[in-house]
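**Student:** Residue 148 is where the sequence shown starts when you use this note's numbering, and the numbers rise one by one after that.
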Amino acid sequence: MQAGIDSQAGPGAPAKTSLDARQTSTAPGLRLEMESVSLVYQAGTPFASRALNEISLVVEPGERLGIAGPVGSGKSSLLAVLAGMEAAASGRVLHDGREVGGKNPPAPGSIGLAFQSPESCLFEKTVYDDVAFSPRRQGLADGEVRRRVEEALAATGLDSSRFGHKSPFSLSAGEQRRVALAGVMAVDPRALLLDEPTAYLDPAARRELIARLVDLNRRTGVTMVMVGHDMQELAAFAERLVIIDGGRKAAEGAAKTILTDVDLLDTYGLDPPGTVVLSRLLSVATGRDIPAVTGEEEAVGLLLRLMADGGIMSPP
Ligand SMILES: Nc1ncnc2c1ncn2[C@@H]1O[C@H](COP(=O)(O)OP(=O)(O)O)[C@@H](O)[C@H]1O
Ligand SMILES: [Mg+2]
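Rendered as structure tokens:
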């Protein structure tokens, strides 16, 4: 009964931006790989702590991978190592088969990492200059810099003509987050790593950002890895999911398989998507065997079908 409904599609139509023009010049997504990677903070001191423990992971070019796990489980650490920004204590990190980390930085402009608190990275006088910082360092001509800035701001839902001249410090937390994200996107990386990018955004803006990210991934083939705390959001974003717990990989699989495994999610203190809860409640209420749905559009379709065939009463 679920045929024809794409549970991976974000809610609402993905917003179109002029980023279309970019795809022709963008190389396909980067392949990311971790081979038995461990990470120790403050190694060799009494405060040494192991944040990642022998994690192996492959992110295929153009894939959208979601990462979930309890607070302190190592999600942000994993992104930093995967980006080649934090050197592993043991194991290897590979970008397109080339080892990175420590003395081997990633290829310039190949990877964009949006930190968990990207606002703290804002420093220029205007929003425009902040987003233009990396494209200028890439040595691009002014016209190309302007195009990148306008497109990146639009992709995060900000109008360059309205926000470009403002000070980043005069913006709301949600707007600052968008500017910081635009700064990462303006690099036009081959892999985009996003650490809880929807924090501080209101529900409508969260949906819109996820839909824009999915749209960007589909059009350009950029590899995306997103750490998320909201399972409904991860359902809208991810094709595949990894759960991290205590610095170890606890589970990995198709997003739908993981997100409908309520017992597995519960083991790691994660709430199932609201749509999965809804489909369970409907099963109980109707006495029917209703499959768990992970997409919001899919859930609406399910409700409409149940109402149409008298399975549940339609509203008065
Ligand atoms: N710079 C650091 N120095 C020392 N310990 C850290 C540092 N960053 C994170 N940690 C520790 O590593 C563990 C994993 O942290 P983190 O990757 O931020 O988890 P998550 O993003 O899942 O909340 C936590 O125990 C945290 O306290
Ligand atoms: Mg984190």
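In this text, a Cβ means the ideal position worked out from N, Cα and C, and glycines have one as well.
How long is the line joining the alpha carbons of Val187 and Val296, rounded to whole angstroms?
**Tutor:** Whole-angstrom Cα-Cα distance: 37 Å.
**Student:** Assuming Gly368 contacts Gly244 under a Cβ cut-off of 8 Å, what Cβ separation, rounded to an integer in Å, is found between them?
**Tutor:** Actually they are not in contact, since the Cβ atoms of Gly368 and Gly244 sit about 18 Å apart, beyond 8 Å.
**Student:** Helix, strand or coil for Glu399, going by three-state DSSP, please let me know.
**Tutor:** Residue state, collapsed to three classes: strand.
**Student:** Can you give the beta carbon distance from Val447 to Leu212, rounded, assuming they're within the 8 Å contact cut?
**Tutor:** Going by Cβ atoms, the distance from Val447 to Leu212 rounds to 26 Å, so no, they are not a contact pair.
**Student:** Any heavy atom of ligand 1 closer than 8 Å to the CB of Leu225?
**Tutor:** Because some heavy atom of ligand 1 lies under 8 Å away, the Cβ of Leu225 counts as near it: yes.
**Student:** In whole angstroms, what is the alpha-carbon distance linking Ala195 and Leu229?
**Tutor:** Cα to Cα, the separation comes out at about 21 Å.
**Student:** If you compare alpha carbons, which of Val240, Val206 and Pro208 is closest to Leu199?
**Tutor:** The candidate whose alpha carbon is nearest that of Leu199 is Val240.
**Student:** Taking the beta carbon of Asn251 as the centre, do at least 16 other beta carbons fall within 10 Å, making it buried, or is it exposed?
**Tutor:** Looking at its Cβ environment, which holds fewer than 16 other Cβ atoms inside 10 Å, Asn251 is exposed.
**Student:** Quick one: using the 10 Å Cβ neighbour count with 16 as the cut-off for buried, is Phe316 buried or exposed?
**Tutor:** It is exposed - the Cβ of Phe316 has fewer than 16 other Cβ atoms within 10 Å.
**Student:** Using DSSP's beta-bridge definition, name the partner residues of Ala261.
**Tutor:** Leu341, per the DSSP bridge assignment.
**Student:** Roughly how many angstroms separate the alpha carbons of Ala168 and Arg337, rounded to a whole number?
**Tutor:** In this prediction, Ala168 has a pLDDT of 38, which is less than 50 and means its spatial position is unreliable; what the coordinates show is noted afterwards. Answer to the nearest angstrom: the Cα atoms are 16 Å apart.
**Student:** Rounded to whole angstroms, what's the CA-CA distance from Lys272 to Met371? Just pull it up for me.
**Tutor:** Roughly 30 Å separates the two Cα atoms.
**Student:** Using the Cα positions of Leu341 and Ser220, report the straight-line distance between them to the nearest angstrom.
**Tutor:** The straight-line gap from Cα to Cα measures roughly 16 Å.
**Student:** Can you tell which of Ala302, Tyr275 and Pro420 has the C-alpha that lies nearest to the C-alpha of Arg293?
**Tutor:** For the residues Ala302, Tyr275 and Pro420, the minimum Cα distance to Arg293 belongs to Tyr275.
**Student:** Sort out for me which residues DSSP pairs Glu182 with in a bridge.
**Tutor:** DSSP output for Glu182 lists Arg239 as bridge partner(s).
**Student:** Is the beta carbon of Pro282 less than 9 Å from the beta carbon of Val334?
**Tutor:** Against a cut-off of 9 Å, the Cβ pair of Val334 and Pro282 comes out as a contact.
**Student:** Based on the DSSP output, what are the partners of Thr367 in its beta bridges?
**Tutor:** DSSP output for Thr367 lists no bridge partner at all.
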